[in-house]
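Asker:
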Amino acid sequence: MIHIGLIHYLIVSSILFCLGIFGVITRKNAIMVLMGIELILNSANINFVAFARYGNFGNSGQLTALFVIILAAAEAAIAMAIVLNIYKMFSTINVDEIDTLKD
Amino acid sequence: MNQIVNSLQYIKPEISAAIALVVLVIVDLVMGKNKKYLAPVMILGLLVTGYFIIDQFNISSFAFGSGNNKYGLLAIDSFGSFFKLLIIFSSIIIVFFTLASDEIKKANERLGEYYALIWGMIIGMFFMISAADLIVVYISLELVSLSSYVLAGITKDTLRNSEASLKYVIYGGVSSGIMLFGISILYGITGTTNIYEINALLQSQQIQGLIVTLSVILIFAGFGFKISAAPFHFWTPDVYEGAPITITTYLSVASKAAGVALLLRFTKITFIDSVNPDGSWNIISLIDWRSFLIIISILTMTLGNFAALWQNNMKRLLAYSSVAHVGYILLGIIALSNEGMMAVLIYFVIYTIMNLGAFFVVMLIANKIGSEELDDYKGLGKAAPVLTVSLAIFLVSLIGLPPTAGFIAKLYLFLALINAKMIVIAVIALLNTVVSVYYYFRVLKYLFINSSEKEIEPFGLNIPNLIMLLVLVTSTLVLGIYFTPLVNFAKNSITLLGF
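This is how it looks when you write it as structure tokens:
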């Protein structure tokens with residue numbers, strides 16, 4: 025029986041963070057890139073809650089996580105609207121093909 | 238509860254801005270298709286907010302502390318008021334720009350949202366400037382970013398507008414996410430998000446330097462994105478070129494001002510041990526923040542200046558030039574002294590005026606000839622002498638040649654660097670300035686020397702635009718000769734709460 029401690033949470037959050045960065049860099053679909061950003065935000069959330077629980081920092085970590093969840097929702101809403109508009113203008117959401125602005 | 242009510246008196250400008258936003262939305266709803274009252278309502282709101290900022294100029298206090306904690310979420314001081322006034326000033330000018338812009342006139346039915354989102358940015362920037370807690374930093378940064386993502390694509394019907402907002406939202410989302418991850422690590426090490434408490438813990442030397450350094454570098458991703466410092470500047474040229482030109486101007490002036498204010502406050506509060514009587518700062522030995530900033534600064538100005546050399550689009554050229562200017566501004570922070578901080582404040586006021594002027598001329602020319610490409614600028618020197626001569630003055634000021642204001646700005650920066658005994662870096666910055674001469678003068682060559690194949694109809698300016706232009710030109714020239722009031726104003730504004 026393993027005792028789940030702070031270190032396990034930190035490993036999970038680090039893996040999520042790396043997956044998020046990996047997704048942002050390698051995915052071509054704009055929606056997938058946005059999902060990578062969500063992963064990054066959630067990895068930070070895990071950190072906040074785990075540190076608050078195991079470091080005895082009171083409720084501040086959980087409160088921060090709540091704020092982040094709200095902001096992530098707001099950001100996702102705006103990003104989706106922008107992607108919809110992109111689809112209307114370019115008929116694609118592949119970020120590599122959206123390159124009218126170049127040197 | 239009592240503390241919250243007491244703190245409300247310190248955030249009068251923010252409250253006033255929030256009320257102005259609501260009023261603006263209501264006016265827009267009531268007036269329906271009639272959009273001509275929006276600009277006066279906007280200006281009125283800005284003036285009232287400006288009055289409240291001047292009113293609390295000399296107050297320094299924490300706001301929104303909790304119970305037994307002597308620090309608060311916000312730090313109200315004259316440094317913050319200085320930058321808030323700068324933002325009010327640039328917002329007022331932007332409203333005038335909006336009235337003159339043909340690009341925004343095409344999206345007239347969205348003018349209500351446009352102004353409301355600018356208010357959103359203003360509120361975010363105010364909180365960013367006075368933030369003393371990393372959570373407030375993150376939330377206010379997101380508030381500014383979310384509003385500007387939409388503003389970058391506000392006209393919705395051109396390809397480059399939509400592309401600009403997509404690129405902005407992706408780069409912005411990633412860098413604020415990385416910043417949040419850094420904040421979470423710093424929270425784990427220190428148990429707090431308040432930068433004053435973090436400073437006290439760093440001074441006690443009980444924590445490991447390596448992890449703190451890592452988390453601070455991650456946090457810098459967010460700041461670097463806002464001020465477009467390398468290597469987080471990739472969005473700058475695309476977004477600046479694609480966004481409507483009023484928004485480009487606003488991003489290059491106001492949101493950069495808020496970012497620099499945030500970075501200055503973060504640097505001074507978090508990493509400074511004490512301030513010597515001669516004004517230089519003692520940095521905490523745990524983190525080599527100075528070397529980090531030196532690398533970022535040199536990288537930023539070199540990349541900005543060299544990439545600008547082969548730009549053929551005026552907006553893109555000014556975007557790279559603004560990246561280079563961020564590099565110069567970081568030099569003032571590197572000096573780590575009160576003198577350097579004063580130099581940054583002076584630089585920013587002057588940078589705001591000359592950048593507003595340069596973008597204004599580019600916008601007026603684009604209104605007439607419908608293009609920002611340098612090839613279409615050929616022979617404009619004859620067709621529109623007033624416009625092009627003013628553009629020349631702004632560009633000379635951006636280089637930093639006397640007798641314009643840009644010279645004074647650079648002079649104070651270099652003096653601060655030399656007094657901090659950083660001659661090598663001053664020389665590198667000077668060489669960078671020499672490189673920048675080439676691309677600014679290239680624009681002038683297109684305007685005055687190259688002649689156009691097709692005849693360009695001479696065009697003038699209408700009276701309001703002419704007045705606006707004259708105001709900006711005279712302030713650029715006058716500040717180059719008579720700058721004592723500005724210097725004194727900056728000297729009085731360098732007090733940060735706590736030091």
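For the protein sequence lines, the chains are D and Y, in the order given.
Offset between the first sequence (1-based) and the working numbering: plus 24.
Offset between the second sequence (1-based) and the working numbering: plus 237.
Glycine included, C-beta positions come from ideal geometry on N, C-alpha and C.
(1) Give a yes or no on whether 8 Å exceeds the smallest Cβ distance from Y/V490 to chain D.
(2) Comparing the C-beta of D/I39 with each C-beta of chain Y, is any distance below 8 Å?
(3) On a CA-only basis, which of Y/G428, Y/L311, Y/I630, Y/L568 is nearest Y/L714? Give me that one, please.
(4) Are the Cβ atoms of Y/I355 and Y/S328 separated by less than 8 Å?
(5) In the DSSP assignment, find the alpha helix (DSSP H) that holds Y/V449 and state where it starts and stops.
(6) Taking 8 Å as the CB-CB cut-off, is D/V36 touching chain Y?
(7) Around the Cβ of Y/D475, are there at least 16 other Cβ atoms within 10 angstroms (buried) or fewer (exposed)?
(8) With a threshold of 16 other CB atoms inside 10 Å of the CB of Y/I700, please say whether the residue is buried or exposed.
(9) Counting beta carbon pairs with one atom in the segment 669 to 678 of chain Y and one in the segment 569 to 584 of chain Y, are three or more of them shorter than 8 Å?
(10) Kindly list the residues whose CB is nearer than 8 Å to the CB of Y/G541, restricted to its own chain and excluding five residues on each side of it in sequence; keep chain order.
(11) CB-CB under 6 Å to Y/S517, same chain, minus the five flanking residues each way: which ones, in chain order?
(12) Got a sec: is the Cβ-Cβ distance from D/N83 to anything in chain Y below 8 Å?
(13) Going by Cα to Cα distance, which pick from Y/I482, Y/Q443, Y/W526, Y/F644 is closest to Y/N550?
(14) Would Y/A595 pass as a contact of Y/L635 if the rule is Cβ separation under 8 Å?
(15) Which residues does DSSP pair with Y/N431 in a beta bridge?
(16) Considering just the uninterrupted stretch of the alpha helix (DSSP H) at Y/D292, what are its terminal residues?
(17) Can you confirm whether D/A97, when its beta carbon is compared against all beta carbons of chain Y, has any partner nearer than 8 Å?
(18) With 9 Å as the C-beta to C-beta threshold (strictly closer), list the residues of the segment 404 to 415 of chain Y near chain D in chain order.
(19) Counting only beta-carbon separations shorter than 8 Å, does Y/F363 have a partner in chain D?
(20) Return the bridge partner residues of Y/V512 from the DSSP annotation.
(21) Short of 7 Å Cβ to Cβ, which residues in the segment 384 to 398 of chain Y face chain D?
(22) Can you name the residues of chain B whose CB is closer than 7 Å to the CB of D/F46?
(23) Within a Cβ cutoff of 7 Å, which residues of the same chain sit near Y/V613, ignoring the five residues on either side of it in sequence?
(24) Within 10 angstroms of the Cβ of D/A101, are there 16 or more other Cβ atoms? Answer buried if so, exposed if not.
(25) Short of 9 Å Cβ to Cβ, which residues in the segment 53 to 69 of chain D face chain Y?
(26) Under the assumption that Y/G287 contacts Y/L261 (Cβ atoms under 8 Å), give the Cβ distance between them as a whole number of angstroms.
(27) Could you tell me which uninterrupted beta strand (DSSP E) segments, each at least 3 residues in length, are contained entirely in the segment 584 to 645 of chain Y, listed from first to last along the chain?
(28) Can you round the beta-carbon distance between Y/L733 and Y/D314 to whole angstroms, since I take them to be within the 8 Å contact cut?
(29) How many angstroms separate the CA atom of Y/I448 from the CA atom of Y/F418?
(30) Would you call Y/Q246 buried or exposed, if buried means 16 or more other Cβ atoms sit within 10 Å of its Cβ?
Answerer: Looking at the atomic coordinates:
(1) Counted from its first residue, the second sequence places residue 490 of chain Y at position 253. With 8 Å as the cut-off, Y/V490 does not count as an interface residue toward chain D.
(2) For the purposes of this step, residue 39 of chain D is taken as residue 15 along the first sequence, with counting starting at 1. It does not; no Cβ of chain Y falls within 8 Å.
(3) In the second sequence, counting from the first residue as 1, residue 714 of chain Y sits at position 477. Nearest neighbour of Y/L714 by Cα position, chosen from Y/G428, Y/L311, Y/I630, Y/L568, turns out to be Y/I630.
(4) Residue numbering aside, residue 355 of chain Y sits at position 118 when the second sequence is read from its first letter. Residue numbering aside, residue 328 of chain Y sits at position 91 when the second sequence is read from its first letter. For Y/I355 and Y/S328, yes; Cβs fall inside 8 Å.
(5) Within the second sequence, the letter at position 212 stands for residue 449 of chain Y. Where Y/V449 is concerned, the enclosing alpha helix (DSSP H) stretches over 446 to 464.
(6) Reading the first sequence from its first residue, position 12 is the one you call residue 36 of chain D. With 8 Å as the cut-off, D/V36 does not count as an interface residue toward chain Y.
(7) Here residue 475 of chain Y refers to the residue found at position 238 of the second sequence. In the assembly as shown, Y/D475 is a buried residue. Its beta-carbon has 16 or more other beta-carbons within 10 Å.
(8) In the second sequence, residue 700 of chain Y corresponds to position 463, counting from 1. Exposed is the call here.
(9) no
(10) Here residue 541 of chain Y is taken as the residue at index 304 of the second sequence, counted from 1. Cβ within range, chain order: A467, H470, Y557, S558, S559, V560, A561, H562, V563, G564.
(11) One-based indexing of the second sequence puts residue 517 of chain Y at position 280. Excluding residues within five positions, the ones whose Cβ falls inside 6 Å are S574.
(12) Walking along the first sequence from the start, residue 83 of chain D turns up at place 59. No, D/N83 does not count as interfacial toward chain Y.
(13) For the purposes of this step, residue 550 of chain Y is taken as residue 313 along the second sequence, with counting starting at 1. Answer by Cα proximity: Y/I482.
(14) Locating residue 595 of chain Y in the second sequence gives position 358, where the first residue counts as 1. Locating residue 635 of chain Y in the second sequence gives position 398, where the first residue counts as 1. For Y/A595 and Y/L635, yes; Cβs fall inside 8 Å.
(15) Locating residue 431 of chain Y in the second sequence gives position 194, where the first residue counts as 1. BP columns for Y/N431 point to Y/D370.
(16) Position 55 of the second sequence, counting from 1, holds the residue named residue 292 of chain Y. First-last of the alpha helix (DSSP H) with Y/D292: 275 to 292.
(17) For this step, residue 97 of chain D is matched to residue 73 along the first sequence. So, not an interface residue.
(18) K404, Y405, V406, I407, G409, G410, V411, S413, G414, I415
(19) Start at 1 with the first residue of the second sequence, and residue 363 of chain Y comes out as number 126. False, the Cβ-Cβ gap to chain D never drops below 8 Å.
(20) In the second sequence, counting from the first residue as 1, residue 512 of chain Y sits at position 275. Note: Y/V512 sits in a beta bridge opposite Y/W518.
(21) For the segment 384 to 398 of chain Y, the beta-carbon criterion of a distance under 7 Å to any beta-carbon of chain D is satisfied by Y386, V387, G390, K393, L396, R397.
(22) Here the protein chains are D and Y, and chain B is not one of them.
(23) Translated into the one-based positions of the second sequence, residue 613 of chain Y becomes position 376. According to the sequence provided, residue 613 of chain Y is Asp. The question's Val does not apply to it. Cβ contact annotation for Y/D613 (same chain, cutoff 7 Å, sequence separation greater than five): I606, in chain order.
(24) Taking the first residue of the first sequence as position 1, residue 101 of chain D is located at position 77. By the neighbour-count rule (16 or more Cβ atoms within 10 Å), D/A101 is not buried but exposed.
(25) The residues in question are A54, V57, L58, G60, I61, E62, L63, I64, L65, S67, A68, N69.
(26) Stepping through the second sequence from its first residue, residue 287 of chain Y is reached at position 50. Stepping through the second sequence from its first residue, residue 261 of chain Y is reached at position 24. With 8 Å as the limit, Y/G287 and Y/L261 do not qualify as a contact, their Cβ atoms being about 16 Å apart.
(27) none
(28) If you number the second sequence from 1, residue 733 of chain Y lands on position 496. If you number the second sequence from 1, residue 314 of chain Y lands on position 77. Yes, they are in contact, since the Cβ atoms of Y/L733 and Y/D314 sit about 6 Å apart, within 8 Å.
(29) Position 211 of the second sequence, counting from 1, holds the residue named residue 448 of chain Y. Position 181 of the second sequence, counting from 1, holds the residue named residue 418 of chain Y. Distance between the alpha carbons of Y/I448 and Y/F418 is about 13 Å.
(30) The residue labelled residue 246 of chain Y in the question sits at position 9 within the second sequence. The residue is exposed, with fewer than 16 neighbouring Cβ atoms inside 10 Å.
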